[in-house]
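**Student:**
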Ligand SMILES: NC(=O)c1ccc[n+]([C@@H]2O[C@H](COP(=O)([O-])OP(=O)(O)OC[C@H]3O[C@@H](n4cnc5c(N)ncnc54)[C@H](O)[C@@H]3O)[C@@H](O)[C@H]2O)c1
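Residue numbers (this note's numbering): 130 to 451.
Encoded structure:
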């Protein structure tokens, strides 16, 4: 396949590019590098520096690089930032997405695999989220992702573009080459490992009185190598529509801290803080559809393997990509 990867210098995009190249596919990365890293650009991928908000950039990039499929990772993805500055999210994730869809129509590209999120579901009143669970986002980030899903459904009807929405739960872990380096970092595992590395004195645990077994939030953690595998399957199979990507197993924040202590052998102090607004108690995927229809089998997503891979990468890159 020839694959056009937006956001290919970011955390998940870079690992997906690495897997595509390892499997013999040809890759064009399109990124403005605003939130990605030059060091995470795979040397065997063609790189086009451009911004989705600039129509000329994305129109030219797709016209000059005929591909079979687009994998669309480029977006802003910080929930807190989206609550403070919603306009950034509607502009980048929705207007940027609209420019991409228009460019695909002009270039005659018929398939897109879109990085969607469990944040499109909001705080559902169910123990296990299926693709049919009502989508009711609780922040502009989730809303912007849902808006682009809906936009793509119209492009499917009107322009025969086949969209796949991969709704990731909590992406985590690292490949041997690429890992997680966001600024600011809002995800739990790199923040806990920063304490193990001596870069922070303690990790903040937000909320200890949730109706969960140990009182901390429960999430479904999925290794980015398993996410990358799902992208390859979604791109090669004749499928459309939403697929949840998670393990179906809930892990609490406290269990993540314990796993980090176990794997690193370090003392990791944590402080219990108040709840963050909008954090649901529990988000767990039912990913049976991805397993049965895509044939997806997560291989790396037990909690110790996730933390081991992340720890290895953070030890090798204590200051991230800087
Ligand atoms: N990280 C997670 O846990 C998670 C969970 C669910 C969904 N997602 C989705 O997965 C995708 C990738 O997440 P990530 O953690 O790798 O993010 P990231 O911030 O590491 O990577 C995003 C990349 O997109 C690029 N980009 C952003 N806006 C752009 C624009 N207008 N034009 C060109 N490039 C642009 C950035 O420079 C960056 O390289 C996002 O769409 C996110 O919503 C992530």
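Heads up, the beta-carbon is just placed ideally off N, CA and C, and yes, glycines get one too.
Round the Cβ separation of residue 298 and residue 351 to the nearest angstrom and send it over; I've been treating them as touching at under 8 Å.
**Tutor:** Numbered from 1 along the chain shown, position 169 holds the residue referred to as residue 298. Numbered from 1 along the chain shown, position 222 holds the residue referred to as residue 351. Indeed they touch by this definition, with Cβ atoms about 5 Å apart.
**Student:** Would you verify that the beta carbon of residue 343 is, or is not, closer than 9 Å to some beta carbon of chain B?
**Tutor:** In summary, chain B is missing from the structure at hand, where a single protein chain is found.
**Student:** In the DSSP assignment, the beta strand (DSSP E) including residue 300 goes from what residue to what residue?
**Tutor:** Translated into positions along the chain shown, residue 300 becomes position 171. Where residue 300 is concerned, the enclosing beta strand (DSSP E) stretches over 299-301.
**Student:** Let me check understanding here. Comparing Cα to Cα, which of 435, 406, 323, 313 lies closest to residue 356?
**Tutor:** Walking along the chain shown from the start, residue 356 turns up at place 227. Measuring from the Cα of residue 356, the nearest candidate turns out to be 435.
**Student:** Skipping 5 residues on each side, what residues in its chain have a beta carbon closer than 6 Å to that of residue 409?
**Tutor:** For this step, residue 409 is matched to residue 280 along the chain shown. These residues qualify, in order along the chain: 252.
**Student:** Considering just the uninterrupted stretch of the beta strand (DSSP E) at residue 374, what are its terminal residues?
**Tutor:** Sequence index remark: in the chain shown, residue 374 carries index 245 (1-based). Segment 370-374, the beta strand (DSSP E) holding residue 374.
**Student:** As a quick exercise: from 241, 417, 273, pick the residue whose alpha carbon is nearest that of residue 205.
**Tutor:** For the purposes of this step, residue 205 is taken as the residue at position 76 of the chain shown. If you compare the alpha carbons of 241, 417, 273 with that of residue 205, the shortest gap goes to 273.
**Student:** Return the bridge partner residues of residue 201 from the DSSP annotation.
**Tutor:** Walking along the chain shown from the start, residue 201 turns up at place 72. Looking at the DSSP assignment, residue 201 forms a beta bridge with 135, 243.
**Student:** Can residue 235 and residue 188 be called in contact, C-beta distance under 9 Å?
**Tutor:** Position 106 of the chain shown, counted from the first residue, corresponds to residue 235. Position 59 of the chain shown, counted from the first residue, corresponds to residue 188. The answer is yes: Cβ separation under 9 Å.
**Student:** Can you give me the start and stop residues for the beta strand (DSSP E) that residue 352 sits inside?
**Tutor:** For the purposes of this step, residue 352 is taken as the residue at position 223 of the chain shown. Unbroken beta strand (DSSP E) run through residue 352: 350-352.
**Student:** Helix, strand or coil for residue 215? Go by DSSP, reduced to three states.
**Tutor:** Translated into the one-based positions of the chain shown, residue 215 becomes position 86. The answer is helix: DSSP assigns residue 215 an H, G or I state.
**Student:** Within its chain, find whatever has a CB closer than 7 Å to the CB of residue 215; leave out the 5 residues flanking it on each side and keep chain order.
**Tutor:** Along the chain shown, one-based indexing puts residue 215 at 86. Contacts found: 269.
**Student:** Based on DSSP bridge pairs, tell me the residues matched to residue 414.
**Tutor:** Walking along the chain shown from the start, residue 414 turns up at place 285. 258.
**Student:** Considering only DSSP beta bridges, list what residue 292 is partnered with.
**Tutor:** Taking the chain shown and counting its residues from 1, the one referred to as residue 292 is at position 163. Beta-bridge analysis with DSSP links residue 292 to 241.
**Student:** Which class does residue 390 belong to by DSSP, given the choice of helix, strand or coil?
**Tutor:** Sequence index remark: in the chain shown, residue 390 carries index 261 (1-based). Assigned with DSSP and collapsed to three states, residue 390 falls in helix.
**Student:** Please list the terminal residues of the continuous alpha helix (DSSP H) segment that includes residue 144.
**Tutor:** One-based indexing of the chain shown puts residue 144 at position 15. 140-151 is the extent of the alpha helix (DSSP H) around residue 144.
**Student:** Is residue 205 near ligand 1, with its Cβ less than 8 Å from a heavy atom?
**Tutor:** The count along the chain shown starts at 1 and reaches residue 205 at position 76. Yes, since a heavy atom of ligand 1 falls inside the 8 Å radius drawn around the Cβ of residue 205.
**Student:** Please state if the CB of residue 290 and the CB of residue 240 are separated by a distance shorter than 9 Å.
**Tutor:** Indexing the chain shown from 1 puts residue 240 at position 111. Indexing the chain shown from 1 puts residue 290 at position 161. Closer than 9 Å, so yes.
**Student:** Ordered along the chain, which non-local residues of its own chain (more than five positions away) have a Cβ less than 6 Å from that of residue 437?
**Tutor:** Here residue 437 refers to the residue found at position 308 when the chain shown is read from its first residue. Hits under 6 Å: 392.
**Student:** Compare the beta carbon distance of residue 330 and residue 320 with 9 Å and say whether it is the shorter of the two.
**Tutor:** Stepping through the chain shown from its first residue, residue 330 is reached at position 201. Stepping through the chain shown from its first residue, residue 320 is reached at position 191. Judged by beta-carbon spacing, residue 320 lies beyond the 9 Å limit of residue 330, meaning their Cβ atoms are not closer than that value.
**Student:** Measuring alpha carbon to alpha carbon, tell me which residue in 135, 132, 140, 190 is nearest residue 311.
**Tutor:** Mapped onto the chain shown, residue 311 falls at position 182. Nearest C-alpha to residue 311: 140.
**Student:** Straight-line CA distance for residue 349 to residue 314?
**Tutor:** For the purposes of this step, residue 349 is taken as residue 220 along the chain shown, with counting starting at 1. For the purposes of this step, residue 314 is taken as residue 185 along the chain shown, with counting starting at 1. Taking the straight line joining both Cα atoms gives about 18 Å.
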